[in-house]
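Report on the structure given below.
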Amino acid sequence: MQKWTTLILLFLLFTGSYNAKAQGGAGRHMEEAPPYQPPKEVKRSGFRQILSKVNVGISTGYGQTMYRQDLSGYSVFKKGDTQFLVPAGSITAGRVNRSYTNWLNAPQDRSDVIPMETDLILAGDTTQFNLSGRGQSLPLNLDFHINLADRFKIGAGLTAEIHSIKDLEYNQWGNLLGTYSSDVRSAFLLRYYGMFGVRFTRWYFWDFTADARIGKKNYMSQFDKSLLSDGLYYNFGCLIEHHYSEYFRLTLRPSVEWSAYNMELPASGESVTTQTPAFFFQAGISLNYPRLPRCPINACHAQLEHVHQGKEFRGQPIYRWQNPKYGQNDPELMRNKKRSKDDTQQRLQYKKKRRRGFFSWW
Ligand SMILES: [Zn+2]
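Have a look at this one:
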């Protein structure tokens, strides 16, 4: 009997302090220690504890890549509809010794092709002859990161990207050469990257993190990998996360990127560099594996994290706060939802509360 009295007293104390806290808190509650502290002897799965710290993100979006090749010193000749790139010094006594087609993504030595007198041979400017255009990409991204000190993110990811290149334009001789058409209609590439981010501001349930993703592209199709060499790519973005609960977030990420690749022109010892700066806009979700399993008892309506027979459970789905404050998961009071009786007084009270900011997080 005494045991029960103690329990009830403890419960009253606990709910009392809990509500008092909830009344005062208008901001984020995520960082606060949960009001419920389970007894020490409760068993916890260490694996779940570790796994719950890993944020898993899935996102997709749209990207545009600029292509810019510096062809200063090169010449281009056109035979029919095909354009041939001629390295500097490959024309002797009016004869073309060496030329390439498809030099953007898979150069082919076409030194067998000899221009006729009717074919155009145009020498580009030695300092500013270039080719530029755009491509589009659809990325699908998977990333993992952990949060350190509630401010820093460190992680890694993988992106699969479908990618196309539109026609490129010459800055010179465009009227005679027309545009350069690559054969890349849809290429597939994979990216692997490491990431590091710093949260610079937090506004209610929104987190804003400046992050850098540095990695390597792997051209899976259309690009001749035996001739291609590239360094790392550098992607800088702003990760915007909207927290719906401890375990569920929607994410938005605009970003800009710097990268380039070198395409070797076989047998000439020369190579053409293509600058490929890009921008992306991606949206997705971010999840954590929940720290506790969901309570399996149907009849149990506990909302907070709680204990059955020495095991801890959560009472909420992962997209809801696990230890919700007063009104946090159901901002509208039940009695206000049902307008069966005259509740003018209650509604007035409710409005007053809102004005004081008690529900301003909603
Ligand atoms: Zn339960």
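Using this note's numbering, you'd call the opening residue of the sequence shown number 406 and step up by one each time.
Just so you know, even glycine gets a beta-carbon here, dropped at the ideal spot from N, CA and C.
Keep in mind the model is a prediction, meaning the values are calculated, not measured.
Integer-rounded CB distance, given that residue j should sit under 8 Å from residue i
| i | j | result |
| --- | --- | --- |
| A665 | F641 | Contact doesn't hold; Cβ gap of about 16 Å is too wide. |
| G715 | C700 | With 8 Å as the limit, G715 and C700 do not qualify as a contact, their Cβ atoms being about 14 Å apart. |
| G462 | T656 | 6 Å |
| N460 | H550 | 5 Å |
| P698 | S457 | Wrong, their Cβ atoms sit about 11 Å apart, outside the cutoff. |
| P512 | M668 | 6 Å |
| L594 | E566 | 5 Å |
| F628 | S660 | Going by Cβ atoms, the distance from F628 to S660 rounds to 22 Å, so no, they are not a contact pair. |
| M471 | P682 | 5 Å |
| L582 | L509 | No, L582 and L509 are not in contact; Cβ-Cβ is about 14 Å, not under 8 Å. |
| S780 | A688 | The requested residue 780 is not part of the displayed model; the chain covers only 406 to 767. |
| S542 | G468 | 4 Å |
Buried versus exposed call for residue i [16 or more other C-beta atoms within 10 Å across all chains shown]
| i | result |
| --- | --- |
| G429 | Confidence in G429 is poor, its pLDDT being 38 and thus under 50, which makes the residue's placement unreliable; the coordinate value appears in the next sentence. Answer is exposed; the Cβ neighbour count stays below 16. |
| S691 | buried |
| S591 | exposed |
| K448 | exposed |
| W726 | buried |
| P722 | exposed |
| K730 | buried |
| D612 | buried |
| H568 | buried |
| N580 | exposed |
| L644 | buried |
| V589 | buried |
| L637 | exposed |
| V603 | exposed |
| T497 | exposed |
| F605 | exposed |
| G674 | exposed |
| N728 | buried |
| T487 | exposed |
| R654 | buried |
| G485 | exposed |
| L490 | buried |
| R500 | exposed |
| G529 | buried |
Residue i - partner residues in DSSP beta bridges
| i | result |
| --- | --- |
| E662 | N640 and A683 |
| N667 | S634 and T678 |
| F452 | DSSP output for F452 lists no bridge partner at all. |
| I496 | V501 |
| P544 | E566 |
| K483 | Q488 and L525 |
| N623 | L595 |
| P718 | The question names Pro, yet the displayed sequence has Phe at residue 718. Paired residue(s): H711. |
| W611 | W608 and H647 |
| L476 | Beta-bridge pairing links L476 to no other residue. |
| R699 | R719 |
| K558 | N552 and G602 |
| V461 | F549 and L692 |
| N535 | D475 |
| G468 | S542 and F685 |
| L573 | Y585 |
Answer yes if the region 557–570 comes into contact with the region 595–603, meaning at least three C-beta pairs across the two stretches below 8 Å, and no otherwise.
yes
At least 3 beta-carbon pairs within less than 8 Å: the region 522–538 vs the region 571–578:
yes
Residues proximal to ligand 1 by C-beta, any heavy atom closer than 7 Å:
C700, I702, C705, A707, H711, H713, F718 and G720
Quick check: the region 501–513 against the region 447–455, are at least 3 beta-carbon pairs closer than 8 Å?
no
Pairing CB atoms from the region 469–488 with CB atoms from the region 522–534, are three or more of them under 8 Å?
yes
Quick one: any contact between the region 626–633 and the region 645–662, if contact means 3 or more CB pairs under 8 Å?
no
Would you call the region 544–561 and the region 509–520 in contact, with 3 or more CB pairs under 8 Å?
no
Counting beta carbon pairs with one atom in the region 544–556 and one in the region 481–493, are three or more of them shorter than 8 Å?
no
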